[in-house]
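Trainee: The UniProt record's numbering applies: residue 1 is where the sequence shown begins, and numbers increase by one.
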Amino acid sequence: MLSFLKQPIVVTAEINLNLVALTLLALLSRLWGLSYPRAVVFDEVYYGQFVSLYMKRIFFVDDSGPPLGHMLLALGGYLGGFDGNFLWNRIGAEYTMNVPVWSLRLLPALAGALCVPLAYQILVEMHFSHCAALGAALLILLENSLITQSRFMLLESILIFFILLAVLSYLKFYNLPRNSSFSGSWWFWLLLTGAACSCAVGVKYMGLFTYLLLLALAGLHFWHLIGDQSLSNVSLICHFLARGLALLLLPLAMYLSFFYLHLTLLCRSGPHDQIMSSAFQASLEGGLARITQGQPLEVAYGSQITLRNVLGQPMQCWLHSHTSTYPIRYENGRGSSHQQQVTCYPFKDVNNWWIVKDPGMQQLVVSSPPRPVRHGHIVQLVHGITTRYLNTHDVAAPLSPHSQEVSCYIDYNISMPAQNLWRVEIVNRESDSEVWKTVLSEVRFVHLNTSAVLKVGGFSFICSLSGASLPEWGYRQLEVVGEKLSKGYHQSMLWNVEEHRYGKSQEQKEREVELHSPTQMDISKNLSFMAKFTELQWKILTLKNEDTEHKYSSSALDWITMDTNIAYWLHPTSAAQIHLLGNVVTWTSANLAALLYTCLSLWYLVRRRRQIYDIPEDAWQLWLSAGGISLGGWAVNYLPFFLMEKTLFLYHYLPALTFQILLIPIVLQHLSDHLCSSLLLRSMFSGLTIAWFSSVCFACCTFSPVSYGWPSLSAGELKGLRWRHSWNILLRRQ
Numbered sequence: 001m002l003s004f005l006k007q008p009i010v011v012t013a014e015i016n017l018n019l020v021a022l023t024l025l026a027l028l029s030r031l032w033g034l035s036y037p038r039a040v041v042f043d044e045v046y047y048g049q050f051v052s053l054y055m056k057r058i059f060f061v062d063d064s065g066p067p068l069g070h071m072l073l074a075l076g077g078y079l080g081g082f083d084g085n086f087l088w089n090r091i092g093a094e095y096t097m098n099v100p101v102w103s104l105r106l107l108p109a110l111a112g113a114l115c116v117p118l119a120y121q122i123l124v125e126m127h128f129s130h131c132a133a134l135g136a137a138l139l140i141l142l143e144n145s146l147i148t149q150s151r152f153m154l155l156e157s158i159l160i161f162f163i164l165l166a167v168l169s170y171l172k173f174y175n176l177p178r179n180s181s182f183s184g185s186w187w188f189w190l191l192l193t194g195a196a197c198s199c200a201v202g203v204k205y206m207g208l209f210t211y212l213l214l215l216a217l218a219g220l221h222f223w224h225l226i227g228d229q230s231l232s233n234v235s236l237i238c239h240f241l242a243r244g245l246a247l248l249l250l251p252l253a254m255y256l257s258f259f260y261l262h263l264t265l266l267c268r269s270g271p272h273d274q275i276m277s278s279a280f281q282a283s284l285e286g287g288l289a290r291i292t293q294g295q296p297l298e299v300a301y302g303s304q305i306t307l308r309n310v311l312g313q314p315m316q317c318w319l320h321s322h323t324s325t326y327p328i329r330y331e332n333g334r335g336s337s338h339q340q341q342v343t344c345y346p347f348k349d350v351n352n353w354w355i356v357k358d359p360g361m362q363q364l365v366v367s368s369p370p371r372p373v374r375h376g377h378i379v380q381l382v383h384g385i386t387t388r389y390l391n392t393h394d395v396a397a398p399l400s401p402h403s404q405e406v407s408c409y410i411d412y413n414i415s416m417p418a419q420n421l422w423r424v425e426i427v428n429r430e431s432d433s434e435v436w437k438t439v440l441s442e443v444r445f446v447h448l449n450t451s452a453v454l455k456v457g458g459f460s461f462i463c464s465l466s467g468a469s470l471p472e473w474g475y476r477q478l479e480v481v482g483e484k485l486s487k488g489y490h491q492s493m494l495w496n497v498e499e500h501r502y503g504k505s506q507e508q509k510e511r512e513v514e515l516h517s518p519t520q521m522d523i524s525k526n527l528s529f530m531a532k533f534t535e536l537q538w539k540i541l542t543l544k545n546e547d548t549e550h551k552y553s554s555s556a557l558d559w560i561t562m563d564t565n566i567a568y569w570l571h572p573t574s575a576a577q578i579h580l581l582g583n584v585v586t587w588t589s590a591n592l593a594a595l596l597y598t599c600l601s602l603w604y605l606v607r608r609r610r611q612i613y614d615i616p617e618d619a620w621q622l623w624l625s626a627g628g629i630s631l632g633g634w635a636v637n638y639l640p641f642f643l644m645e646k647t648l649f650l651y652h653y654l655p656a657l658t659f660q661i662l663l664i665p666i667v668l669q670h671l672s673d674h675l676c677s678s679l680l681l682r683s684m685f686s687g688l689t690i691a692w693f694s695s696v697c698f699a700c701c702t703f704s705p706v707s708y709g710w711p712s713l714s715a716g717e718l719k720g721l722r723w724r725h726s727w728n729i730l731l732r733r734q
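#1: Leaving out five residues before and five after Val435 in sequence, what residues of the same chain have Cβ atoms less than 6 Å from its Cβ?
#2: Determine the contact status of Ser712 and Ala567, defining contact as a CB-CB distance below 8 Å.
#3: Using a Cβ-Cβ cut-off of 6 Å (strictly less than) and excluding sequence neighbours within five positions of Ser464, which residues of its own chain qualify?
#4: Taking its Cβ as the centre, do 16 or more other Cβ atoms sit within 10 Å of Leu20, making it buried, or is it exposed?
#5: Please go through the same chain and pick out, in chain order, the residues whose beta-carbon is closer than 6 Å to the beta-carbon of His377, but skip the five residues on each side of it.
#6: For Ile328, does the count of other Cβ atoms within 10 angstroms reach 16, so buried, or fall short, so exposed?
#7: Where DSSP assigns a beta bridge to Thr702, which residues make up the other side?
#8: How many whole angstroms separate the CB atoms of Arg444 and Val427, which I take to be in contact at a CB cut-off of 8 Å?
#9: For Gly81, count the other beta carbons within 10 Å of its own beta carbon; 16 or more makes it buried, fewer makes it exposed. Which is it?
#10: List the endpoints of the continuous beta strand (DSSP E) containing Arg308.
#11: I'd like the span of the alpha helix (DSSP H) that includes Gln660, first residue to last.
#12: Alpha carbons only, please: which of Thr702, His338 and Leu190 is nearest the one belonging to Glu717?
#13: Determine the direct distance from the alpha carbon of Ser35 to that of Met153, and round the result to whole angstroms.
#14: Alpha carbons only, please: which of Gln506, Asn85 and Phe209 is nearest the one belonging to Pro655?
#15: Looking at the unbroken alpha helix (DSSP H) that takes in Gly632, where does it start and where does it end?
#16: May I ask you to report which of helix, strand or coil DSSP gives Pro108?
#17: Rounded to the nearest angstrom, how far is the Cβ of Val636 from that of Leu252, given a contact under 8 Å?
#18: Leaving out five residues before and five after Val203 in sequence, what residues of the same chain have Cβ atoms less than 8 Å from its Cβ?
#19: Kindly indicate the opening and closing residues of the beta strand (DSSP E) around Trp603.
#20: Quick test of your reading: Ser672 and Phe685, contact by CB under 8 Å. State the CB separation rounded to the nearest angstrom.
#21: Would you check if the region 108–118 and the region 82–98 touch, i.e. whether three or more CB-CB distances between them fall below 8 Å?
#22: Leaving out five residues on either side along the sequence, give the residues of the same chain with a beta carbon under 7 Å from the beta carbon of Pro8.
#23: Whose C-beta lies closer than 8 Å to the C-beta of Ser625 among residues of the same chain, with five residues either side of it excluded?
#24: According to the neighbour-count rule (16 or more other Cβ atoms, all chains shown, within 10 Å of its Cβ), is Ala26 buried or exposed?
#25: State buried or exposed for Gln611, treating a residue as buried only when at least 16 other CB atoms are found within 10 Å of its CB.
#26: Quick check on the burial criterion: 16 or more other C-beta atoms within 10 angstroms. Buried or exposed for Val382?
#27: Taking residue 751 as part of the alpha helix (DSSP H), name the residues at either end of that continuous run.
#28: Tell me which same chain residues have a C-beta within less than 7 Å of the C-beta of Leu256, skipping the five on either side of it?
#29: So, with DSSP's three-state summary, where would you put Leu319?
#30: Quick check on DSSP: helix, strand or coil for Asn18?
#31: Look at the Cβ atom of Gln341, then the Cβ atom of Gly458, and state whether they are nearer than 8 Å.
#32: State the DSSP-derived secondary structure class of Met521, mapped to helix, strand or coil.
#33: With DSSP as the reference, label Phe82 as helix, strand or coil.
#34: Based on Cα-Cα distance, which residue from Gly227, His447 and Ala216 lies nearest to Leu247?
#35: Can you give me the Cβ contacts of Asn179 inside the same chain, cut-off strictly under 6 Å, excluding the 5 residues immediately before and after it?
#36: Mind reading off the beta-carbon distance from Asn583 to Glu143? Whole number of angstroms is fine, and I expect it under 8 Å.
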């Protein structure tokens, strides 16, 4: 029974020493002196703020993309014991001792290092020689821009890592033998492709470009699979469902999980709350939650409420009134009703309180039991402090003359009767009898007499302008109007109840005391994850910070020829500095490789059309598939930037550049194998290739002082690095 112990247990393994050596060199190049400089470097000032908020579990919104990249950076801070206490206010600020600089920069550096062996493996899986694969890996290793970008708390190296991992995983999956379908390795590589694509998109939306490229490749390969007569219909359906599961459903589920973890971690109120809905704010600890938690859920006749505009732009604001009236005549000569002003006020104030009144009754308190207000009910809104009724009539609004003025009615005993009946329309209702709910219901108020809709002025369905601020007589508060053209539901005409209590005081003095008191009770309202995800995702996609021209911003055309650079850091006393600059030889070679690949492909196509086959069919298919991935990857990661209206920087080009670098050894091997027909030509070509690669190494070493920030160079040496007049190499004044 124990006979197997008579023989030794032997484990054999194949170790690719090329791969091991490349990985070690990559780790050395990315991890060496990682804590230097111990100061904030360029966009670390941006991402560091989010890391601190993660450490303190404070909610934030970043319109640059999904949360996975930020969470990975925060993971580095967590592993290093970072407490989040650092003021990220300027580039070059010295890190305090509580900031684990090495740990914060570790994950981007590891991701950047692993891109080197990934490049090697991708070329091998494309069926190119190990020499070509080694060349691709060395070009990634010696690319100065990738070295610089991966050594700091930035996201591009992590993005490129997941992009290359997705490409490699799909190639591994595609290259498996046909008889291994649905095996363990088949599922592993297919699922890893979907997972890597999801992670790439989760780091930055730029990852979507490569994801779509791989989906297109998978679709093309499945189309070829359909033509395989040896596969049954059932087998084809299983292949289709497996690809749908791994490449569509799994990435979607993982993408949702990133947000779930993000929202679970960031459970506390913070400075970005105001752009979210009241329901979202109320789900966070502290802030609005301290006010809204436990409020009555159902709005009833007699309820005391504050109404927040759902749009929240250009700032959050609440329906407001005060004792001041509209001027008899405006600056342009138009007249007004001289009624009490109604505005949208961007601060908490007792004048934001309104009472929901039943038009058929005089009481301003909630009855027992409460009578809830439902969709379609008619109400009057009474201003809590002045007790005047919300009113609109056929008088032009002060700043929006095509809309009606909204006021609180004052009886001047003239021929202008009160028109103060409003129909409650719950836009996000599930039924026509739904009850108006605190925080959750988004409500439209439709004026019964004129059908005008209550809204913040200055917005339209065609374009979203900034809200219209009233002049000095209106205290610069936002205009509120009655919109006559009420088709659709622009968010500026939607309101939700934020603070709510059941009114108990019929006397005005007692009611004023009541309006000044806190609103907490013992009933909680929860927002589902999907509701929070949908709102946060929409904010990320639609929230636009004002794009200002940056000193180092550039256009997409500048990237190809590297006519621009970015100064990342300058030593406060010496001339040591760090720049995002690429390896000039590599960038030029990548452009030439792309041009040569395109020209050769067109030449082959024309010749093949004439039934002239210059290269074997298998070499032609290899040429096409390799170009589809490398040149296609460059195109999908580069060309979309010409359509984007955002501030662009050189680092946006790095994913596209990585694919273009992979094309260089592909073209070189093709030239050697198929265009160098004699031994002499091949020898000459090999010599030229060695000389060219030596120039790549020379350029990398030449610019390494500004890639690593060490050693400090003299003014003359820095001037010598200005190979292009457009580069901004920093020189200190003597």
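Every residue, glycine too, gets a C-beta built ideally from N, C-alpha and C. Note that the structure is predicted; figures quoted are calculated from it, not measured.
Mentor: According to the structure data:
#1: Working through the sequence shown from its first residue, we reach residue 435 at position 435. Only Glu298, Pro372 and Arg374 meet the Cβ criterion.
#2: Working through the sequence shown from its first residue, we reach residue 712 at position 712. Working through the sequence shown from its first residue, we reach residue 567 at position 567. No, the pair does not count as a contact, with Cβ atoms beyond the cut-off.
#3: Stepping through the sequence shown from its first residue, residue 464 is reached at position 464. Reliability of the predicted coordinates at Ser464 is poor, the pLDDT of 45 falling under 50, and the value obtained from them is presented with this limitation in mind. Excluding sequence positions up to five before and after Ser464, its CB lies less than 6 Å from no other CB in the same chain.
#4: Position 20 of the sequence shown, counted from the first residue, corresponds to residue 20. According to the sequence provided, residue 20 is Val. The question's Leu does not apply to it. Per the 10 Å Cβ criterion, exposed.
#5: Here residue 377 refers to the residue found at position 377 when the sequence shown is read from its first residue. So the qualifying residues of the chain are Val424.
#6: In the sequence shown, counting from the first residue as 1, residue 328 sits at position 328. That one is exposed.
#7: Within the sequence shown, the letter at position 702 stands for residue 702. Under DSSP, Thr702 shares a beta bridge with no residue.
#8: Along the sequence shown, read from residue 1 onward, the residue named residue 444 stands at position 444. Along the sequence shown, read from residue 1 onward, the residue named residue 427 stands at position 427. Confirmed, about 6 Å.
#9: Your numbering for residue 81 matches position 81 in the sequence shown. Exposed, since its Cβ has fewer than 16 Cβ neighbours within 10 Å.
#10: Translated into the one-based positions of the sequence shown, residue 308 becomes position 308. Taken as a continuous stretch (DSSP letters only), the beta strand (DSSP E) holding Arg308 covers Ser303 to Asn309.
#11: As a position in the sequence shown, residue 660 is number 660, starting the count at 1. Residues Leu654 to His670.
#12: Your numbering for residue 717 matches position 717 in the sequence shown. Closest by C-alpha distance to Glu717, out of Thr702, His338 and Leu190, is Thr702.
#13: Along the sequence shown, read from residue 1 onward, the residue named residue 153 stands at position 153. Along the sequence shown, read from residue 1 onward, the residue named residue 35 stands at position 35. Cα to Cα, Met153 sits roughly 11 Å from Ser35.
#14: By one-based count along the sequence shown, residue 655 stands at place 655. The shortest CA-to-CA distance from Pro655 to any of Gln506, Asn85 and Phe209 is the one to Phe209.
#15: For the purposes of this step, residue 632 is identified with residue 632 of the sequence shown, where counting begins at 1. For Gly632, the uninterrupted alpha helix (DSSP H) segment begins and ends at Glu617 to Tyr638.
#16: Here residue 108 refers to the residue found at position 108 when the sequence shown is read from its first residue. Note: Pro108 maps to helix in three-state DSSP.
#17: On the sequence shown, position 636 is the one that residue 636 refers to. On the sequence shown, position 252 is the one that residue 252 refers to. A Cβ-Cβ distance of about 20 Å is found for the pair Val636 and Leu252, leaving them out of contact under the 8 Å criterion.
#18: Indexing the sequence shown from 1 puts residue 203 at position 203. Contacts found: Gly65, Pro66, Leu68, Gly69, Leu72, Leu155, Ile158, Leu159 and Phe162.
#19: Along the sequence shown, read from residue 1 onward, the residue named residue 603 stands at position 603. Per DSSP, Trp603 belongs to no beta strand (DSSP E); it is in the alpha helix (DSSP H), Val584 to Arg609.
#20: Mapped onto the sequence shown, residue 672 falls at position 672. Mapped onto the sequence shown, residue 685 falls at position 685. In this structure Ser672 is in contact with Phe685, their Cβ atoms being roughly 6 Å apart against a cut-off of 8 Å.
#21: By the Cβ rule, the region 82–98 does not count as touching the region 108–118, because fewer than three pairs are nearer than 8 Å.
#22: By 1-based counting over the sequence shown, the position of residue 8 is 8. Scanning its chain for C-beta atoms nearer than 7 Å, with the 5 sequence neighbours on each side dropped, one finds no residue around Pro8.
#23: In the sequence shown, residue 625 corresponds to position 625, counting from 1. Annotation for Ser625: Met126 place their beta carbon closer than 8 Å to its own, counting only its chain and skipping 5 residues before and after.
#24: The residue you call residue 26 lines up with position 26 of the sequence shown. So Ala26 ends up on the buried side.
#25: Position 611 of the sequence shown, counted from the start, is the residue given in the question as residue 611. With fewer than 16 other Cβ atoms from the protein chains shown falling within 10 Å of its own Cβ, Gln611 counts as exposed.
#26: Translated into the one-based positions of the sequence shown, residue 382 becomes position 382. The residue is buried, with at least 16 neighbouring Cβ atoms inside 10 Å.
#27: Outside the modelled stretch of the chain, which goes from 1 to 734, sits residue 751, for which no answer is possible.
#28: Within the sequence shown, numbered from 1, the residue matching residue 256 stands at position 256. Taking Leu256 as the centre and dropping the five residues before and after it, the same chain places the C-beta of Phe533 closer than 7 Å to its C-beta, in chain order.
#29: Start at 1 with the first residue of the sequence shown, and residue 319 comes out as number 319. For Leu319, the secondary structure class from DSSP, reduced to helix, strand or coil, is strand.
#30: Working through the sequence shown from its first residue, we reach residue 18 at position 18. Helix.
#31: What you label residue 341 is simply residue 341 of the sequence shown in a count that begins at 1. What you label residue 458 is simply residue 458 of the sequence shown in a count that begins at 1. Not closer than 8 Å, so no.
#32: Within the sequence shown, numbered from 1, the residue matching residue 521 stands at position 521. Here the model assigns Met521 a pLDDT of 40, short of 50, so the residue's position is not dependable, and the following value carries that caveat. In the structure shown, Met521 falls within a coil segment according to DSSP collapsed to helix, strand and coil.
#33: For the purposes of this step, residue 82 is taken as residue 82 along the sequence shown, with counting starting at 1. It is coil, neither helix nor strand.
#34: Translated into positions along the sequence shown, residue 247 becomes position 247. For the set Gly227, His447 and Ala216, the Cα lying nearest the Cα of Leu247 is the one of Ala216.
#35: Locating residue 179 in the sequence shown gives position 179, counting from the first residue. If we look at Asn179 and ignore the five residues flanking it on each side, it has no Cβ neighbours.
#36: Here the question's residue 583 lines up with position 583 in the sequence shown. Here the question's residue 143 lines up with position 143 in the sequence shown. Yes, Asn583 and Glu143 are in contact; Cβ-Cβ is about 5 Å, under 8 Å.
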